[in-house]
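Let me begin by presenting the structure, written as structure tokens, before commenting on it.
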Amino acid sequence: MTAATDQPARWRRITRSVWFHLALAFTVVALVLSFIAKPYVVPSGSMEQSLQVGDRVLVNRLAYLASQPTTGDVVVFDAGEAWDGGAATGEDPIRSALRWVGEMTGFGPSGRHTLVKRVIAGPGQVAACCTDGGAVTVDGVPLVEPYVFEDLPFEPGALDCTSNPRSLRCFDSVTVPAESYLMLGDHRSASSDSAALCRVADADQGCWRWASRDGIVGRAVVILWPITRWNLL
């Protein structure tokens with residue numbers, strides 16, 4: 001057998017190898033998860049009742065390739081350590097490995113700073129809460145939010161944005177910075193979100209925690225698991 005005929009034969013042996021197929025499958029999965037879509041495990045109840053703890057959702061990574069997140073979108077994003085209010089802390093290797101598996105497969109915990117929230121306002125938009133009826137406004141227009149669950153207490157004329165004490169639902173008017181998004185959880189009374197530190201009178205503007213455009217993973221489009229909760233978002 002000549003060198004010219006030996007090379008194709010060697011290549012055929014390689015491509016028939018189990019290890020070759022495993023490597024190819026891993027590469028395809030990695031490309032899909034990196035650029036097209038990936039599963040995400042909901043870590044908390046901050047998006048109830050839209051999302052429950054442990055739900056597996058599919059995130060479309062191409063959703064904002066040619067557009068921007070808009071009010072009402074359910075978005076998965078990397079919040080970064082700033083949302084924790086402190087420096088990074090160490091994590092044992094086993095937990096880190098489980099998180100890696102969770103990120104890759106959707107079974108197991110997701111990244112430490114990967115969150116899912118609903119977009120309320122984007123760059124340049126002005127958000128505030130509340131109207132006389134307790135609604136959030138964006139650019140002066142009250143939002144209709146049927147998905148909100150167990151909102152913070154608000155009673156017009158008794159516990160609102162002019163009463164003393166003021167309703168914790170209220171936050172002062174704010175303009176969203178460039179390349180940033182204001183995110184709130186649907187379970188407003190149990191969500192550590194963009195406005196969580198700002199629901200007091202005369203709050204400092206530094207209280208806001210923004211989701212950066214660069215940190216957005218994609219739009220959550222469907223609940224994959226459990227099957228009984230399959231639903232488009």
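Take the sequence shown: its position 163, counting from 1, is numbered 163 in full-length UniProt numbering, and each next residue is one higher.
Note that the Cβ used here is the ideal one computed from N, Cα and C, for glycine as well.
Alpha carbon to alpha carbon, how far is residue j from residue i? Give it in angstroms, no decimals.
i	j	result
SER50	THR162	31 Å
ASP160	ALA135	11 Å
GLY106	GLY54	Because the pLDDT at GLY106 is just 49, under 50, the model does not fix this residue reliably, and the value given afterwards should be weighed accordingly. Cα to Cα, the separation comes out at about 10 Å.
MET47	PRO177	24 Å
PRO123	GLY185	19 Å
LEU233	ILE223	7 Å
ASP78	HIS113	6 Å
ASP214	TRP225	28 Å
GLY45	THR175	28 Å
GLN52	GLY140	31 Å
THR137	LEU143	6 Å
ALA87	ARG209	Low local confidence applies: a pLDDT of 40 at ALA87 is under 50, so the model's placement there is unreliable, and no value is given.
residue 269	ASN231	For residue 269 there is no data in the structure shown, the boundaries of the chain being 1 and 233.
SER194	ILE216	14 Å
GLU145	ALA196	18 Å
PRO165	LYS38	44 Å
ALA83	LYS117	For the record, residue 83 in the displayed sequence is Trp; it is not Ala. Spanning the two alpha carbons is a distance of roughly 13 Å.
Can you tell which of the options has the C-alpha that lies nearest to the C-alpha of residue i?
i	options	result
SER189	TRP210, ALA178, VAL41 and SER167	SER167
SER173	CYS198, PHE77 and ILE216	CYS198
TYR147	GLN68, ASP73 and THR114	ASP73
ALA66	GLY218, ALA158 and TRP230	GLY218
VAL126	GLY133, ASP193, SER180 and GLU81	SER180
PRO156	VAL141, VAL144, ASP139 and GLY133	GLY133
TYR40	LEU115, GLN68, LEU182 and GLU81	LEU115
ARG229	ARG209, SER44, VAL57 and ALA196	VAL57
I think residue i touches residue j, with their Cβ atoms under 8 Å apart; what is that distance to the nearest whole Å?
i	j	result
CYS130	CYS170	5 Å
THR71	ALA121	6 Å
VAL75	ALA220	7 Å
MET183	ALA158	Not a contact, Cβ separation roughly 29 Å.
Run the CB neighbour count on residue i, radius 10 Å, all protein chains shown included, and call it buried at 16 or more, exposed below.
i	result
ILE36	exposed
ILE227	exposed
PRO69	buried
VAL42	buried
Say whether the segment 57–71 touches the segment 190–210, bearing in mind that this needs 3 or more beta-carbon pairs closer than 8 Å, one atom from each stretch. no
Would you call the segment 145–158 in contact with the segment 180–194, where contact means no fewer than 3 C-beta pairs closer than 8 Å? yes
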